[in-house]
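Asks:
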Amino acid sequence: MEARLKIDRICESAGEKKAEHIVIMEMKGKSSFCDTFVIMSAPSAVRVKAIVDCIEKNLKEEGIYPKHKEGYKEALWVLLDYGDILVHVFHEDTRKFYQLERLWGDAPKRAF
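Here the sequence shown is numbered in our numbering, starting from 18 and rising by one per residue.
1) When DSSP labels each residue in this structure, what does Phe107 get in the three-state scheme?
2) Could you tell me the alpha carbon to alpha carbon distance between Arg127 and Leu103, rounded to whole angstroms?
3) Taking Lys34 as the reference, which of Gly100, Pro60 and Leu117 has the closest Cα?
4) Looking only at its own chain, which residues have a Cβ that is under 7 Å from the Cβ of His38, when we skip the five neighbours before and after it?
5) Can you tell me where the beta strand (DSSP E) with Ser58 in it begins and where it stops?
6) Taking contact to mean 3 or more Cβ pairs, one atom from each stretch, closer than 8 Å, check whether the stretch 45-52 and the stretch 66-84 are in contact.
7) DSSP beta-bridge partners for Leu97?
8) What distance in whole Å lies between the Cβ atoms of His108 and Ala62, which are believed to be in contact at a cut-off of 8 Å?
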């Protein structure tokens with residue numbers, strides 16, 4: 018699946034479970050490990066897990082599986098590694114603490 022379609026599917030899936038403040042950051046030339054960050058948050062660990070589960074389920078239906086998943090048990094910051102795309106699903110307090118958008122502030126970004 019083309020990267021842009023994969024990003025759209027990730028964002029649509031997250032939206033199904035009411036992910037908040039979805040931001041897409043273009044990391045080409047900024048990062049050696051991926052081309053795109055998709056960052057989102059939720060007000061509770063339960064919702065973080067629901068968002069992650071929905072993204073995984075919907076992409077699995079397309080034959081797309083994460084290469085790695087980290088942080089699911091704690092559900093404060095779950096990382097889904099889809100190779101060229103890294104999905105960051107944060108608990109809202111954790112997102113405020115790490116401020117990835119500020120850390121990578123020179124990367125082009127857009128809201129979904």
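The beta-carbon is built from N, C-alpha and C at its ideal position, and this holds for glycine as well.
Replies: Inspection of the coordinates gives the following:
1) strand
2) 15 Å
3) Pro60
4) Met57 and Ser58
5) Thr53 to Ala59
6) no
7) Lys86 and Val104
8) 6 Å
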